[in-house]
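Engineer: Chains as they are written, first to last, in the working numbering: chain A, 1 to 113; chain B, 1 to 113.
Here a beta-carbon is modelled for each residue, glycine too, at the ideal position from N, C-alpha and C.
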Amino acid sequence: DVKVTQSSRYLVKRTGEKVFLECVQDMDHENMFWYRQDPGLGLRLIYFSYDVKMKEKGDIPEGYSVSREKKERFSLILESASTNQTSMYLCATRANPNTGELFFGEGSRLTVL
Amino acid sequence: QKEVEQNSGPLSVPEGAIASLNCTYSDRGSQSFFWYRQYSGKSPELIMSIYSNGDKEDGRFTAQLNKASQYVSLLIRDSQPSDSATYLCAVRHSGAGSYQLTFGKGTKLSVIP
Chain A
1 DVKVTQSSRY LVKRTGEKVF LECVQDMDHE NMFWYRQDPG LGLRLIYFSY DVKMKEKGDI
61 PEGYSVSREK KERFSLILES ASTNQTSMYL CATRANPNTG ELFFGEGSRL TVL
Chain B
1 QKEVEQNSGP LSVPEGAIAS LNCTYSDRGS QSFFWYRQYS GKSPELIMSI YSNGDKEDGR
61 FTAQLNKASQ YVSLLIRDSQ PSDSATYLCA VRHSGAGSYQ LTFGKGTKLS VIP
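#1: Quick one: does the C-beta of F103 (chain B) sit closer than 7 Å to a heavy atom of the ligand ATP?
#2: According to DSSP, is P10 (chain B) helix, strand or coil?
#3: Looking only at C-alpha atoms, which of A:T86, A:E62 and A:M27 sits nearest to A95 (chain A)?
#4: With 16 other CB atoms within 10 Å as the buried threshold, where does S82 (chain A) fall?
#5: Just the Cα atoms here: how many angstroms apart are K2 (chain B) and S30 (chain B)?
#6: Could you run through the stretch 47 to 70 of chain B and flag, in chain order, every residue whose CB is less than 9 Å away from some CB of chain A?
#7: Hey, quick one: how far does the beta strand (DSSP E) through M27 (chain A) stretch, first residue to last?
#8: Give the straight-line distance between the Cα atoms of R9 (chain A) and S108 (chain A), rounded to the nearest whole angstrom.
#9: How would you list, in chain order, the residues of chain B whose beta-carbon sits under 7 Å from the beta-carbon of E22 (chain A)?
#10: So, using beta-carbon positions, are Y87 (chain B) and T62 (chain B) closer together than 8 Å?
#11: Buried or exposed: which applies to Y36 (chain B), given that a residue is buried once 16 or more other Cβ atoms fall within 10 Å of its Cβ?
#12: Give me the Cα-Cα distance between E101 (chain A) and C91 (chain A), rounded to the nearest whole angstrom.
#13: Whose Cβ in chain A lies nearer than 7 Å to the Cβ of G106 (chain B)?
#14: What does the Cβ neighbour count give for T111 (chain A), buried or exposed, with the cut at 16 atoms within 10 Å?
#15: Spell out a yes or no on whether the stretch 70 to 89 of chain A and the stretch 29 to 37 of chain A are touching, meaning 3 or more CB-CB pairs, one atom from each, closer than 8 Å.
#16: If you follow the beta strand (DSSP E) that Y51 (chain B) is part of, which residue opens it and which one closes it?
#17: Taking a contact to mean a Cβ-Cβ separation below 8 Å, would you say T93 (chain A) touches M32 (chain A) in this structure?
#18: Among B:G104, B:V91, B:S84 and B:T102, which residue has its Cα nearest to the Cα of P14 (chain B)?
#19: Using the Cα positions of E45 (chain B) and T15 (chain A), report the straight-line distance between them to the nearest angstrom.
#20: Tell me the residue span of the beta strand (DSSP E) that contains A90 (chain B).
Listed below in structure tokens is the structure:
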């Protein structure tokens with residue numbers, strides 16, 4: 001089974017803090033994704049990565065950056081957290097680039113005060 | 001803008017009935033279609049994928065695809081209370097951006113015992 005592990009299930013941070021959300025997968029998948037999920041807005045893509053050291057902006061990259069130094073690890077960084085970044089953050093990997101199905105981690109619920 | 005539309009619900013069905021969940025999409029060239037189930041407070045899990053017109057059955061679940069009508073549906077037979085969840089439709093589009101999935105906002109299903 002695919003295992004996608006997000007380092008923190010729940011985080012509470014203060015406005016202006018730098019926040020790191022980490023995601024690790026154990027299946028050697030090349031593609032990894034970060035989404036956020038908000039009530040009424042659904043799942044929105046923040047960033048994704050085709051491969052190590054490669055990254056592409058998704059639909060809502062503003063206020064976020066990412067890092068992928070190793071194939072198994074994809075980090076989402078909030079340089080200066082703001083209250084509107086309070087959300088559920090979901091990491092996903094893609095098993096087969098030809099078909100597209102994603103496998104999600106358990107999610108990280110971030111609250112910014 | 002490539003869109004995926006779902007009725008947000010809630011959809012309530014009695015236990016043992018058939019639940020029918022619907023999804024329409026805007027990109028006629030879309031090739032891959034997925035249904036995810038998301039329990040409250042949990043991350044989405046893939047339950048069905050479909051790539052060609054017609055029906056695909058897996059246990060109590062049947063996915064139906066009609067590319068001409070740009071319509072995909074999920075039928076759940078013999079609905080159980082454990083099927084109560086939000087169901088997300090996801091579409092992999094054609095052309096630029098085909099590496100991404102676009103998600104609908106989900107339909108909340110309640111199965112009444």
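Structural biologist: The relevant details are as follows:
#1: Judged by which ligands are present, the structure shown has none, so any question about the ligand ATP falls away.
#2: coil
#3: A:M27
#4: exposed
#5: 10 Å
#6: S49 and Y51
#7: Taken as a continuous stretch (DSSP letters only), M27 (chain A) belongs to no beta strand (DSSP E), as it is neither H nor E.
#8: 4 Å
#9: The premise fails here: E22 (chain A) is roughly 16 Å from chain B at the closest Cβ pair, so nothing lies under 7 Å.
#10: no
#11: buried
#12: 13 Å
#13: G42
#14: exposed
#15: yes
#16: Careful: Y51 (chain B) lies outside any beta strand (DSSP E) and carries neither H nor E.
#17: yes
#18: B:S84
#19: 32 Å
#20: A85 to R92
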